[in-house]
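Working notes, structure below.
Numbering (UniProt numbering), first residue to last: 1 to 465.
Structural data, given as structure tokens:
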């Protein structure tokens with residue numbers, strides 16, 4: 001079983017660590033079932049099989065989340081990806097996975113310093129006019145430092161943790177094999193498509209290890225926002241317009257001479273963190289305008305550009321003077337093809353125009369699966385459409401609508417493709433941020449004009465009313 005997946009002594013040691021943590025949190029039976037116990041026995045490394053009772057009182061979602069935290073960076077990232085799979089997990093699981101924050105003790109400065117010399121071709125003290133060895137933040141994959149270019153420009157230097165790639169690769173090998181075993185031997189786990197989830201996760205994490213890839217994402221999105229002003233957003237925002245020369249959406253500039261796979265150098269954003277609403281009030285910023293601007297920006301990424309920030313939570317947003325908004329951290333982005341965006345339009349129009357059959361057809365296209373009882377699915381979608389079509393006349397709670405739609409998918413054992421799962425998570429995060437800024441924030445008022453523009457080439461605009 002998992003013994004076949006181990007290609008180095010490092011894998012064997014990591015396997016023992018994983019098994020020990022799982023047993024500690026009361027998952028000894030799972031360890032046995034996926035072959036971890038057999039592998040360790042063959043290697044002569046024996047666990048003392050006494051599942052701890054210390055965590056027995058915890059609900060299963062909390063135990064899993066705590067185990068992922070103890071398992072380290074790869075598994076913390078896996079939990080963050082699972083938090084996007086609102087089509088697979090019930091809300092209590094999503095809420096627990098969402099608590100997985102990317103914080104970790106910083107790597108030793110000596111190791112970071114040596115790696116920076118290798119990547120920059122000289123010591124950071126020589127390359128930069130100023131470099132603070134005390135990190136601003138430390139996450140599981142990288143940590144961030146404050147510095148200044150030789151011309152005085154303030155920047156942040158994001159550095160991948162020294163030695164992280166071999167550990168991640170060992171974890172991914174073990175996860176891949178464990179997912180195959182779980183899918184083959186466990187009918188209850190098979191419904192979660194563990195092998196496909198791990199495959200997608202591995203692709204995503206390997207991209208995230210490449211900090212240059214994150215910088216390419218940032219530049220692409222910055223190009224899409226070049227010249228973007230309030231003229232591109234609903235007329236209700238005209239009162240808060242900024243000068244035409246100043247974009248209302250800010251993406252940090254990348255400095256490529258010092259950016260590599262392991263180092264990313266970009267502008268330092270000086271603004272109010274998205275979580276500090278008290279500071280927003282103190283600065284005299286317009287919370288209603290910020291809510292609408294942020295919504296319109298993310299909707300533009302999704303509907304117009306097909307490349308969007310997949311994790312628009314308050315930690316990745318800053319509010320700037322003149323009610324401008326800066327987005328940072330493009331390690332997790334979503335891509336939507338033209339076909340996907342047209343399908344999204346078709347589904348939402350099906351809801352707004354009271355056409356449940358159209359909604360069902362899109363869902364089945366998305367999942368690529370047949371359903372055991374299609375008549376029952378149509379009946380459930382019909383009730384869903386009727387409820388939210390009437391809600392649209394008042395105020396649309398998009399997060400509630402998507403949660404109800406996903407509950408229907410789970411009930412009928414249908415799952416979304418990974419790109420759409422990211423989209424749904426982004427929508428839910430977006431509406432949550434909007435309502436924190438403005439309790440009266442109405443997602444429908446921002447969504448319908450954007451859909452109206454895209455639908456112009458498909459259906460008459462009157463069909464949206």
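We put the CB at the ideal spot given by N, CA and C, even for glycine.
If you're wondering where the values come from, they're calculated on a predicted model, not measured in any experiment.
Between residue 190 and residue 180, the CB-CB gap reaches or exceeds 8 Å. The three-state reading of DSSP puts residue 113 in helix, counting H, G and I together.
In the assembly as shown, residue 214 is a buried residue. Its beta-carbon has 16 or more other beta-carbons within 10 Å.
The stretch 197-215 makes no contact with the stretch 313-325: fewer than 3 CB pairs, one atom from each, lie closer than 8 Å.
By the Cβ criterion, the stretch 249-260 is not in contact with the stretch 274-292, since fewer than three pairs of Cβ atoms, one from each stretch, lie closer than 8 Å. When the Cα atoms are used, residue 195 and residue 177 turn out to be separated by approximately 8 Å. Judged by beta-carbon spacing, residue 137 lies within the 8 Å limit of residue 144, meaning their Cβ atoms are closer than that value.
Of the residues 159, 28, 96, 440, the one whose Cα lies closest to the Cα of residue 113 is 159.
Contact between the stretch 417-427 and the stretch 279-287 is not established, with fewer than three Cβ pairs separated by less than 8 Å. Here residue 202 is buried: its Cβ has 16 or more other Cβ atoms, across all protein chains shown, within 10 Å.
Beta-carbon to beta-carbon, residue 263 and residue 155 are separated by about 11 Å, too far to satisfy the 8 Å threshold.
For residue 333, the uninterrupted beta strand (DSSP E) run begins and ends at 333-335, by DSSP. Between the stretch 348-368 and the stretch 331-338 there are fewer than three inter-stretch CB-CB distances shorter than 8 Å, so the stretches are not counted as touching. The beta carbon of residue 107 sits closer than 7 Å to the beta carbons of 143, 161, 162 from its chain, once the five residues preceding and following it are set aside; these are given in chain order. In this structure, the alpha-carbon of residue 407 lies about 26 Å from that of residue 450. Taking 8 Å as the cut-off, the Cβ atoms of residue 75 and residue 82 do not count as close. Here residue 349 really is in contact with residue 455; their C-beta atoms are around 7 Å apart, less than 8 Å.
Judged by their CB atoms, residue 171 and residue 147 are not nearer to each other than the 8 Å cut-off. A straight line joining the alpha-carbon of residue 285 with that of residue 78 spans about 36 Å. Contact annotation, residue 220 with residue 307: C-beta distance approximately 6 Å; criterion of less than 8 Å satisfied.
Contact annotation: residue 381 and residue 360 have beta-carbon atoms nearer than 8 Å. For residue 204, the three-state secondary structure derived from DSSP is helix. In the DSSP secondary-structure assignment, residue 330 is not bridged to any residue. DSSP places residue 156 in the uninterrupted beta strand (DSSP E) bounded by 154-160.
Distance from the CA atom of residue 69 to the CA atom of residue 453, rounded to whole angstroms, is 44 Å.
Per DSSP, residue 320 is one residue of the beta strand (DSSP E) stretching across 317-320.
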